[in-house]
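Residue numbers for the sequence shown, in the numbering used here: 3 to 258.
By construction, the Cβ of each residue, glycine as well, lies at the ideal position given by its N, Cα and C atoms.
Quantities reported herein were computed from a predicted structural model and do not represent experimental measurements.
The next block holds one structure in the form of structure tokens; read it before the comments.
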Amino acid sequence: MIDPHAIVHPDARLAPDVVVGPWTLIGPDVEIGEGTTIASHVVIKGPTRIGKHNRIFQFCSLGEDSPDLKYQGENTRLVIGDHNTIREGVTIHRGTVQDRSETTVGSHNLLMAYVHIGHDCVVGDRTILVNNTALAGHVHVGDWAILSGFTLVHQYCWVGAHAFTGMGTAIGKNLPAYVLATGNPASAKNINAEGLRRRGFDQEVIAKLQKAFKIIYRRGLTLDEAMAELDVMRADCEELTPLMDSLKITARGIVR
3 MIDPHAIVHP
13 DARLAPDVVV
23 GPWTLIGPDV
33 EIGEGTTIAS
43 HVVIKGPTRI
53 GKHNRIFQFC
63 SLGEDSPDLK
73 YQGENTRLVI
83 GDHNTIREGV
93 TIHRGTVQDR
103 SETTVGSHNL
113 LMAYVHIGHD
123 CVVGDRTILV
133 NNTALAGHVH
143 VGDWAILSGF
153 TLVHQYCWVG
163 AHAFTGMGTA
173 IGKNLPAYVL
183 ATGNPASAKN
193 INAEGLRRRG
203 FDQEVIAKLQ
213 KAFKIIYRRG
223 LTLDEAMAEL
233 DVMRADCEEL
243 TPLMDSLKIT
253 ARGIVR
């Protein structure tokens, strides 16, 4: 299953059915789970753990050293889950000891061509990062988020679950769960209602989330005042919890 032109270090641990294309380089301390296919001209450096049934396309670079100037060769990791599609030219760097020492990508994600995931990022499950999206170091992206093409995310920002960005959005603050944002700098427009409908959210729940958006963004309330009102609403809508949790992450403030 390994092309004779591939270079696989003897200390790499590949499941027996892993497919490796020609001119791909896999270094030491790399572990790759069953059912994963790796195209030609891919570079994977360790320590890196890649799960089961991933598809990795040509010219990707996974597990490279962090470019952070504080990085001094420490033993940091990249961990990738299962059933991900990683398209052409994607780059994902390992972590740094200044953070978690690990960059983490979950499962069932689609990373389109030329996506960059910087050191110490955490990407959840079932996200879509469209072509040329770039995450700086220490970024967190929640489950089901969709970042459209050429979205840029500043270091230490959090993108909440089910959030959505338009093409070319530049995110310099935290984007709360469920919120749709566009522009440079990013501006919150509404709840990602269409995305929620496609995922089976009840229309009544979507309406309550839209009401929550107005409480946060349209009534001139302080964040504490908005949170107090949302806490009352949450008794009838548990889906508000991810939104409220994302509002509690205060390191960079929220996209307005």
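Query: As assigned by DSSP and simplified to three states, the class of L113; Result: strand
Query: Per DSSP, cross-strand counterpart(s) of T34; Result: Contrary to the premise, residue 34 reads as Ile rather than Thr in this sequence. Answer by DSSP bridge pairing, in chain order: L16 and I52.
Query: Proximity below 8 Å, CB of V92 to CB of V117; Result: yes
Query: Given W25 as reference, the closest of D19, A165, H43 and A163 once Cα atoms are compared; Result: H43
Query: Cross-strand partners of E66 (DSSP beta bridge); Result: H95
Query: Cβ neighbour criterion (16 or more within 10 Å) applied to K250; Result: exposed
Query: Which residues DSSP lists as bridging F166, in chain order; Result: I148 and L182
Query: Beta-carbon contacts of M3 that lie in its chain and below 8 Å, excluding the five residues immediately before and after; Result: P18, D19, V20, V21 and V22
Query: Buried or exposed (CB count within 10 angstroms, at least 16 for buried), P244; Result: buried
Query: Identity of the residues DSSP links to T106 by a beta bridge; Result: V81 and V124
Query: Residues near M114 in its chain [Cβ-Cβ closer than 6 Å; skip 5 each side]; Result: R89, V132 and N133
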